[in-house]
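Chains as they are written, first to last, in this note's numbering: chain A, 2 to 256; chain D, 28 to 405.
Note that beta-carbon positions come from the ideal geometry of N, C-alpha and C, so glycine has one too.
For clarity, every value in this text was computed on a predicted model and none was experimentally measured.
Worksheet for the structure shown next.
Below, the structure written as structure tokens:
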């Protein structure tokens, strides 16, 4: 992996983006969906077995901002974890950019997580004694970049999220909103084509959440594909599409 | 590792104690072994006795040349040498016994007088009618002072008592005997061997540890053409016993040191496991960011080994200090082998590495999804 990465498209994508194919006939063969879930479900063994996610179908195109809503324990986080290759589905089929993830080994899944997927968790999960810069640089550690390049890249990312001045501040000394922005910067470190956010504003009040929402909108405007599990009305309003998960029914319904 | 300095310090302290106890146990063992060796060295044989081989009832003519003492003094390791034999005075059960002895014999036996003097080369040359009396013999004879020049009548020959022997290093029978110069005895009774039972014996005092070598060389030095005519006796050496004692002690202390290492390694492993549990969220985060299992395993192994190395360095110093304190307290000479101290920090690192194997394996198999959802943020 090299740095700086190629910048995503500056024009917000309102239609599914098609890549040109040889012979100029790309419009006949649209590119695969970024995410294609077919009856994806997750259950954990036990007495009785625990269904964390009822089977669901979902297709996400390039450039969409999808908000996933639902009550508690409806499987929002589990859905994002499956999409983010952090967890394996028990049933169904998951295609990521046309690649069937069922046959991927742990090494390949880890590599995809590092290169194509950025994850923003509900809690920032920063290393409290390390600086904001070092926390962001951590995401590039396993990409094989040398230390100086990692630090420069981290400073650039912090600048994008408006925290260039806090680069050397220890994570434990940042505000809740600043920590979440550092987490977003870290998620962008590998220039992922897909950004997954699990309740990014859940632990923030209205004033603190606003910069996060603005940042996410800016990233979407720059062409990234974003999935957000959220119950924040302000975030839901920003989505190009909203999906609801219901835990009560035997199967989830996608709207 | 730096995020929780107290936890890291405690883990390193575990290695410190392990290595310190390891170094201390081995250092005390080697110091104790040195003490044992010193004690045994003090009991090494330092005397050799050489006599003619008895071939029959008849006496053997004097097998020793006149310069036997000079010949033996030239051997490396010999401190003194001399000849003695029992003089046939009256019946065999006469007490005290009378012996003829050369001045060299008195040196070899380590005879000391508290009154008077020992007879020397001058008395030997003149065949002077003088004698020395051992302390027990003097009490039996009623001799306690020499200022009135007591004399002992031996075969109608008055012999002036010139010294009372108060102690000897070898041949304790001297204390209950009367000794006269060998030339005086020869003048009265002839050479040893002329009379039945008067067999000359050479006594050689050697340096500690040289007795065995001198015993092999002495017959050749005295009679190169017929060394087999002599029977040489040396008291048994305690080398074998010392070797057994050291081996047993060494094994005991080595086992003790091994137990210390094992217990310490278990403690380090336990603390590392706890650290893995506390850092589950961090591990999940790293895995989510693209860390492979081997990255996580190497991280925890490296931390464990580093803490072990740091603990080993400090523990080595502490162990050496403990050995010094014990040695000073016991009055021993502290002995610490370089092979005990130099690899000790590496032993600490190895202990940390071994102790971290299972915890690092556990850490590398943490599932990121569960780790991030079940455990609080780092």
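Residue ranges of uninterrupted beta strand (DSSP E) with 3 or more members, entirely inside the stretch 163 to 195 of chain D and ordered along the chain, are 178 to 181, 184 to 194.
For residue 38 of chain A, not one C-beta of chain D is nearer than 8 Å to its own C-beta. When secondary structure is reduced to three states using DSSP, residue 388 of chain D falls in the helix class.
Secondary-structure assignment with DSSP links residue 113 of chain D through a beta bridge to D/126.
Residue 110 of chain A and residue 353 of chain D have their C-alpha atoms spaced approximately 59 Å apart.
Neighbours of residue 143 of chain A in chain D, taken as residues whose beta carbon is under 8 Å from its own, are 313, 316, 317, 318, 319, 322 in chain order.
Taking a Cβ-Cβ cut-off of 7 Å, residue 160 of chain A has no neighbours in chain D, whose nearest Cβ is about 20 Å from it. Look at the stretch 125 to 144 of chain A: the residues with a C-beta under 8 Å from a C-beta of chain D are 125, 126, 127, 128, 129, 130, 131, 139, 140, 142, 143, 144.
Scanning A/70, A/240, A/225, A/121 for the CA closest to the CA of residue 178 of chain A turns up A/121. The beta carbon of residue 88 of chain A sits closer than 8 Å to some beta carbon of chain D. Residue burial annotation: residue 180 of chain D is exposed, with fewer than 16 other C-beta atoms found within 10 angstroms of its C-beta. The beta carbons of residue 67 of chain D and residue 269 of chain D sit about 4 Å from each other, so the pair counts as a contact at 8 Å.
Using a CB distance cut-off of 8 Å, residue 305 of chain D does not count as an interface residue toward chain A. With a threshold of 8 Å between beta carbons, residue 194 of chain A makes no contact with chain D. Using a C-beta cut-off of 8 Å, the stretch 373 to 390 of chain D makes contact with the stretch 320 to 333 of chain D, since at least three inter-stretch Cβ pairs fall below that distance. Taking a C-beta cut-off of 8 Å against chain D, the contacting residues of the stretch 96 to 113 of chain A are 107, 108, 111, 112, listed in chain order. Contacts with chain D at 8 Å (Cβ-Cβ) include residue 115 of chain A. Residues of the stretch 367 to 398 of chain D with a C-beta atom less than 9 Å from some C-beta of chain A are 394, 395, 396, 397, listed in chain order.
Interface flag for residue 78 of chain A against chain D is set, since a Cβ pair is found closer than 8 Å. Taking one beta carbon from each stretch, the stretch 195 to 207 of chain D and the stretch 158 to 171 of chain D have 3 or more pairs nearer than 8 Å; the two touch.
What residue 400 of chain D touches in chain A, judged by beta-carbon distance under 7 Å, is 78, going in chain order.
Using a Cβ distance threshold of 8 Å, residue 54 of chain D and residue 272 of chain D do not count as a contacting pair.
Taking C-beta atoms as the reference points, residue 107 of chain D and residue 280 of chain D fail to come closer than 8 Å.
Judged by beta-carbon spacing, residue 127 of chain A lies beyond the 8 Å limit of residue 182 of chain A, meaning their Cβ atoms are not closer than that value.
Here residue 294 of chain D carries a helix assignment [DSSP, helix/strand/coil]. In the structure shown, residue 143 of chain A adopts coil according to DSSP, grouped into three states. Each of D/237, D/251, D/276 was checked against the Cα of residue 263 of chain D, and the nearest Cα belongs to D/237. The C-beta distance from residue 117 of chain A to residue 195 of chain A rounds to 6 Å, short enough to fall under 8 Å. Contacts between residue 82 of chain A and chain D, judged by CB atoms closer than 7 Å, involve 396 in chain order. Residue 245 of chain D and residue 99 of chain D have their C-alpha atoms roughly 6 Å apart.
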